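S.K.: In our numbering, the protein residues as written are 100 to 379.
All residues carry an ideal CB built from backbone N, CA and C; glycine is no exception.
Small disclaimer: the values here were computed from a predicted structure and weren't measured.
Right, dumping it as structure tokens:
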């Protein structure tokens, strides 16, 4: 069995859907299906029970999943040790926004367990955390943005709401629509910010308001100026602020992003550990 085929199998087993697994692997579905069928032929048993809505693991597939994960983990450890021996023993991770996200905490703990000898450097920079400038090896950030020459793995989706002063009449509402905010000033990101990112956090249309450069500046703009802006739900806010869910806003995706074609085994391991940590 090739390690690549085992990675294909693990992706399908975790997604329980060939289409989603193919997207995760950045490949088309037909070659993925052929690879799994060949693996089943090599094993001599079906690994998945297929249905129109997806797949489920067979008893043989369940056994292979445990073994495949162990083999792939060992292979990654071998690559990391070889890389470390060659002097590549550091990974730089860019994190945008709230580093207290429980997903980040689980990921940090899991990565330390898997790679206790690796130095991990953390940077908080732009929305792709310095990837394009070569400042980081991999970034934890939020989509959407220009993905040219980048590889993106979705880790989680979060519903989005509007941040308001707690004494704002709209703060008493259970939910809102974007149209109800049309007359408000919104906090804005600096000139040169990715236009796809800017459009998303502006609710899909041009807005006017004060420019902010960090999460705390966003909150202070609402508190001091009475402006509004969007934020993922589930984050703690000061008592003077409130967040109201938006029912017509697409959810925000937490993603891991790295430069296309980068084969650093530390990055590959980071992505797999992150996928498991955020699925928890």
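1. Once DSSP output is grouped into helix, strand and coil, what is the label at residue 165?
2. When DSSP labels each residue in this structure, what does residue 324 get in the three-state scheme?
3. Does the Cβ of residue 301 have 16 or more other Cβ atoms within 10 Å, making it buried, or fewer, making it exposed?
4. Among 213, 149, 158 and 137, which one has its Cα closest to the Cα of residue 169?
5. Report the rounded CA-to-CA distance for residue 361 versus residue 272, giving the unit in angstroms.
6. May I have the straight-line CA-CA distance separating residue 131 from residue 157, to the nearest angstrom?
7. What residues in its chain sit with their C-beta under 7 Å from that of residue 203, if we drop five residues either side in the sequence?
8. In the DSSP output, what is residue 147 paired with across the bridge?
9. Under the assumption that residue 353 contacts residue 255 (Cβ atoms under 8 Å), give the Cβ distance between them as a whole number of angstroms.
10. Could you name the residues that DSSP lists as bridge partners for residue 263?
11. Going by beta-carbon coordinates alone, are residue 108 and residue 138 separated by less than 7 Å?
12. Alpha carbon to alpha carbon, how far is residue 295 from residue 243? Give it in angstroms, no decimals.
13. Quick check: what's the CA-CA separation for residue 104 versus residue 247?
14. Taking the beta strand (DSSP E) that residue 211 belongs to, which residues open and close that run?
15. Buried or exposed, going by whether 16 or more other CB atoms sit within 10 Å of the CB of residue 345?
16. Check this for me: beta carbons of residue 201 and residue 258, under 7 Å apart or not?
17. Taking 7 Å as the threshold (C-beta atoms), are residue 280 and residue 327 in contact?
18. What separation, rounded to the nearest whole angstrom, lies between the Cα atoms of residue 316 and residue 376?
19. For residue 271, which of helix, strand or coil comes out of DSSP?
20. Can you tell me whether residue 140 is buried or exposed, with buried defined as 16 or more other CB within 10 angstroms of its CB?
M.R.: Taking the geometry as given:
1. Here residue 165 refers to the residue found at position 66 of the chain shown. Residue 165: helix per DSSP, three-state reduction.
2. The residue given as residue 324 occupies position 225 in the chain shown. Residue 324 falls in the helix class under three-state DSSP.
3. For the purposes of this step, residue 301 is taken as residue 202 along the chain shown, with counting starting at 1. Looking at its Cβ environment, which holds 16 or more other Cβ atoms inside 10 Å, residue 301 is buried.
4. Indexing the chain shown from 1 puts residue 169 at position 70. Taking only the C-alpha atoms, the option nearest residue 169 is 213.
5. The sequence position of residue 361 within the chain shown is 262, counting from 1. The sequence position of residue 272 within the chain shown is 173, counting from 1. Distance between the alpha carbons of residue 361 and residue 272: 47 Å.
6. Working through the chain shown from its first residue, we reach residue 131 at position 32. Working through the chain shown from its first residue, we reach residue 157 at position 58. For residue 131 and residue 157, the distance between alpha carbons rounds to 18 Å.
7. Here residue 203 corresponds to residue number 104 of the chain shown, with the count starting at 1. Once the five neighbours on either side are set aside, the close Cβ partners of residue 203 are 194 and 239.
8. For this step, residue 147 is matched to residue 48 along the chain shown. Paired residues: 156.
9. The residue labelled residue 353 in the question sits at position 254 within the chain shown. The residue labelled residue 255 in the question sits at position 156 within the chain shown. Yes, they are in contact, since the Cβ atoms of residue 353 and residue 255 sit about 4 Å apart, within 8 Å.
10. For the purposes of this step, residue 263 is identified with residue 164 of the chain shown, where counting begins at 1. DSSP, once it has assigned bridges, lists 341 as partnering residue 263.
11. Counting from one through the chain shown, the residue named residue 108 turns up at place 9. Counting from one through the chain shown, the residue named residue 138 turns up at place 39. Contact flag set, yes.
12. For the purposes of this step, residue 243 is identified with residue 144 of the chain shown, where counting begins at 1. For the purposes of this step, residue 295 is identified with residue 196 of the chain shown, where counting begins at 1. Each residue's Cα considered, the two are about 6 Å apart.
13. In the chain shown, counting from the first residue as 1, residue 104 sits at position 5. In the chain shown, counting from the first residue as 1, residue 247 sits at position 148. Whole-angstrom Cα-Cα distance: 27 Å.
14. Against the chain shown, residue 211 aligns to sequence position 112. First-last for residue 211: 201-213, but that is the alpha helix (DSSP H), not the beta strand (DSSP E).
15. On the chain shown, residue 345 is found 246 positions in, with the first residue counted as 1. Buried, since its Cβ has 16 or more Cβ neighbours within 10 Å.
16. As a working note, residue 201 is residue 102 in the chain shown. As a working note, residue 258 is residue 159 in the chain shown. No, the pair does not count as a contact, with Cβ atoms beyond the cut-off.
17. Locating residue 327 in the chain shown gives position 228, counting from the first residue. Locating residue 280 in the chain shown gives position 181, counting from the first residue. A contact, by the Cβ cut-off of 7 Å.
18. On the chain shown, residue 316 is found 217 positions in, with the first residue counted as 1. On the chain shown, residue 376 is found 277 positions in, with the first residue counted as 1. C-alpha separation (whole angstroms): 29 Å.
19. Here residue 271 corresponds to residue number 172 of the chain shown, with the count starting at 1. If DSSP states are grouped into helix, strand and coil, residue 271 belongs with the helices.
20. Within the chain shown, numbered from 1, the residue matching residue 140 stands at position 41. Counting Cβ neighbours within 10 Å, residue 140 comes out exposed, since fewer than 16 surround it.
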